[in-house]
Amino acid sequence: ECCHAEAGAVVLHFDSPSFDEWKAKFKIRCGSDLASGDDAEMDAFPFKKESVQAMQAIPLGETRCRKVYRKWRCLPGRKGLEDLHDSIDGHAVWERFLLLLNWAHTEGGHD
42 ECCHAEAGAV VLHFDSPSFD EWKAKFKIRC GSDLASGDDA EMDAFPFKKE
92 SVQAMQAIPL GETRCRKVYR KWRCLPGRKG LEDLHDSIDG HAVWERFLLL
142 LNWAHTEGGH D
């Protein structure tokens with residue numbers, strides 16, 4: 042159900058969780074004409090700015106792309122969590138979210 046309103050709800054935003062999804066998103070973003078307002082967005086979100094810059098360096102920048110993704114989307118310093126995991130993609134995140142939402146509706150939301 043897409044449009045269920047609930048008091049105290051929190052919206053989680055999972056921005057391009059997998060490396061492939063990140064690359065696809067910023068490849069499109071990099072190829073588009075950026076408007077003047079985009080500069081302010083890039084300054085406000087260094088992740089986006091570094092991602093666009095890394096994609097502009099493709100194909101020579103594949104290593105740079107992985108470094109930018111790892112810096113902003115992985116968990117450095119936590120063994121096993123700082124690598125790129127192909128199994129973590131938008132679908133996997135959505136499935137995990139549905140499990141947690143179901144738990145909150147059945148168990149977690151009741152004292």
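Residue numbers for the sequence shown follow my numbering, beginning at 42 and rising by one. All C-beta atoms, glycine included, are put in the ideal place defined by N, C-alpha and C.
- S73 has its alpha-carbon roughly 11 Å from the corresponding atom of Q97.
- By a beta-carbon distance limit of 8 Å, V93 contacts F67. Their separation comes to about 6 Å.
- Using a Cβ distance threshold of 7 Å, V109 and P58 do not count as a contacting pair.
- For A65, the uninterrupted alpha helix (DSSP H) segment begins and ends at 60-72.
- For T147, there is no enclosing alpha helix (DSSP H), as DSSP gives it neither H nor E.
- Per DSSP, F88 is one residue of the alpha helix (DSSP H) stretching across 87-97.
- Distance from the CA atom of K112 to the CA atom of A145, rounded to whole angstroms, is 31 Å.
- Around the beta carbon of A81, fewer than 16 other beta carbons lie within 10 angstroms, which makes this residue exposed.
- Between the alpha carbons of E91 and L141 lies a gap of roughly 32 Å.
- The C-beta of A76 has fewer than 16 other C-beta atoms within 10 Å across all chains shown, which makes the residue exposed.
- Assigned with DSSP and collapsed to three states, E47 falls in coil, not helix or strand.
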